[in-house]
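Remarks on the structure that follows.
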Amino acid sequence: MTLLIEDFENTISKFGDQSAEYTEDEEQALKEIFELIDNDDEMQPWRKYAQRSLVIVGLRACNLDAKLAFKTMQKLQVHATQTYPELFAQIDPLNLEPIIRKKLFQVVKRPVDEGPAVVVFRVKNWKPSECNIEQLALTGALYIYTVAKMSPEIQRTGMIVIGDVSGFRLTHARQASVDLLMKAIRLYSTIPPMVKGLVAINSLALFEHTYNIFKWVLPDDLRKLIHITKSDMSHISNLMEPERLPKEFWGTMPDEDAYIDGIEDVIMEDPQLFLLIKHLQDEILNLNNIRLKKK
1 MTLLIEDFEN
11 TISKFGDQSA
21 EYTEDEEQAL
31 KEIFELIDND
41 DEMQPWRKYA
51 QRSLVIVGLR
61 ACNLDAKLAF
71 KTMQKLQVHA
81 TQTYPELFAQ
91 IDPLNLEPII
101 RKKLFQVVKR
111 PVDEGPAVVV
121 FRVKNWKPSE
131 CNIEQLALTG
141 ALYIYTVAKM
151 SPEIQRTGMI
161 VIGDVSGFRL
171 THARQASVDL
181 LMKAIRLYST
191 IPPMVKGLVA
201 INSLALFEHT
211 YNIFKWVLPD
221 DLRKLIHITK
231 SDMSHISNLM
241 EPERLPKEFW
251 GTMPDEDAYI
261 DGIEDVIMED
271 PQLFLLIKHL
281 QDEILNLNNI
291 RLKKK
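Mind the numbering: the sequence shown is residues 1 to 295 in UniProt numbering, read in order.
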């Protein structure tokens, strides 16, 4: 499969925010950031990816601070093309559909469009033999971005991630390493976090032991976002009102009706999304003479 696109910019734009209605402050922030981009020589090879519908998502996450959003873009460009380009060699974007269909993630319905969204990760559905941790990270990023596109409110207020770690095994623990975690932390520290809280539930000794091995490398701001518990859901209810949570998390929404149906279909509905990711991957790998690693 190849990327056969006559209008590259329009194709990229359709995968961004589709509200198409921006406030006066948002229009001003867009003007400022594009002036910064257009006056930076190192950003020019990647300028085609910076379309309004994508850039506005980052600006809203940065509270419309154009300088902060631009610095974020610069750092991500450096990490992707210079610091960690080999990470892109671990992933084949064109083979993500089977992973997405495993429903590793769920998204809680929003009775009202206010406050953060809630995304749930089910460890028991993750088989490392079928999905390495880099593929898992990209799949999670696709879910988070798909949720963010649902409304400007989510782009501004972010998300709460609940990790149901029941079923955590040694095969999962072996996926982690200090080197990989340090890379993830460096990338995390580069961008304004969309995740406003992370609660791991149904935690048993193996998961807590694994977390305790690595938590010393976490920056303070990230460590403060993380709460680990076996059955105490108060950390979740402190972050979100009970009427907006499933009963399994001490909320009031019936579990069987609490989650958005077909979110995987939304992610998969246009194959050009994965061709675009593949196109970006090829540019980065070719720039560094790196070959895609085959499983």
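From the three backbone atoms N, C-alpha and C, an ideal C-beta is built for every residue, glycine too.
I need the straight-line Cα distance from residue i to residue j, nearest angstrom please.
i: Phe105; j: Tyr49; result: 27 Å
i: residue 319; j: Ile12; result: The displayed coordinates of the chain run from 1 to 295. Any statement about residue 319 would go beyond what the structure contains.
i: Asp179; j: Ala173; result: 14 Å
i: Leu142; j: Val266; result: 10 Å
i: Trp126; j: Asp25; result: 42 Å
i: Gln28; j: Glu248; result: 43 Å
i: Ile236; j: Asp257; result: 19 Å
i: Ala20; j: Ser53; result: 8 Å
i: Ser234; j: Trp250; result: 8 Å
i: Asp261; j: Glu114; result: 20 Å
Could you work out which residue in the options is closest to residue i when comparing CA atoms only?
i: Ser129; options: Gly158, Ala148, Ile99; result: Ile99
i: Gln18; options: Asp164, Gly262, Met159, Thr146; result: Thr146
i: Glu117; options: Lys183, Ala205, Gly197, Glu35; result: Strictly speaking, residue 117 in this sequence is Ala, with Glu absent from that position. The option with the nearest alpha carbon to Ala117 is Gly197.
i: Glu264; options: Cys62, Trp126, Val107; result: Val107
i: Leu204; options: Ala184, Phe168, Leu222; result: Phe168
i: Tyr22; options: Arg47, Val161, Leu64; result: Leu64
i: Phe8; options: Phe249, Leu218, Thr83, Leu273; result: Leu273
i: Gly58; options: Lys149, Pro45, Gly140; result: Lys149
i: Glu210; options: Leu181, Val55, Ile162, Glu243; result: For clarity, residue 210 is Thr in the given sequence; the question names Glu instead. Of the listed residues, the one whose Cα sits closest to Thr210 is Leu181.
i: Met240; options: Ile160, Glu42, Thr171, Asp41; result: Ile160
i: Leu94; options: Thr229, Ala80, Gln281, Trp216; result: Gln281
i: Thr252; options: Pro111, Gln44, Thr83; result: Pro111
i: Met73; options: Asp113, Asp164, Leu187; result: Leu187
i: Arg122; options: Gln135, Thr83, Gly163; result: Gly163
i: Leu254; options: Ile260, Pro246, Asp261; result: The question names Leu, but residue 254 in the sequence shown is Pro. Nearest option by C-alpha distance: Pro246.
Quick check: does the Cβ of residue i come within less than 8 Å of any heavy atom belonging to the ligand GTP?
i: Gln51; result: The ligand GTP is not among the ligands present in this structure, which contains no ligands whatsoever.
On the premise that residue j lies in contact with residue i, defined as a C-beta separation below 8 Å, what is that separation, rounded to the nearest angstrom?
i: Ala89; j: Ile290; result: 5 Å
i: Phe70; j: Leu30; result: Not really, about 12 Å apart at Cβ, beyond 8 Å.
i: Lys230; j: Asn202; result: 7 Å
i: Val195; j: His227; result: No, Val195 and His227 are not in contact; Cβ-Cβ is about 13 Å, not under 8 Å.
Please return the same chain residues whose Cβ sits closer than 7 Å to the Cβ of residue i, not counting the five positions on each side in sequence.
i: Arg60; result: Pro152, Gln155, Arg156
i: Lys124; result: Ser166, Gly167
i: Trp46; result: Gln77
i: Met268; result: Glu97, Ile100
Once you ignore the five residues that flank residue i on each side, which residues in its own chain have a CB closer than 6 Å to its CB?
i: Leu138; result: Ile91
What does a CB cutoff of less than 8 Å around residue i pick up in its chain, not counting 5 residues either side in sequence?
i: Ala184; result: Ala137
i: Ile133; result: Gln175, Ala176, Leu180
Quiz item: Considering only residues of the region 80–158, which uninterrupted alpha helix (DSSP H) runs meet the minimum length of 4 residues and lie entirely inside it, listed in chain order?
Solution: 97–100, 133–148, 152–157
Exercise. Starting from the N-terminal side, write out each stretch of the alpha helix (DSSP H) that is 4 residues or longer and does not extend beyond the region 219–249.
Key: 220–225, 234–239
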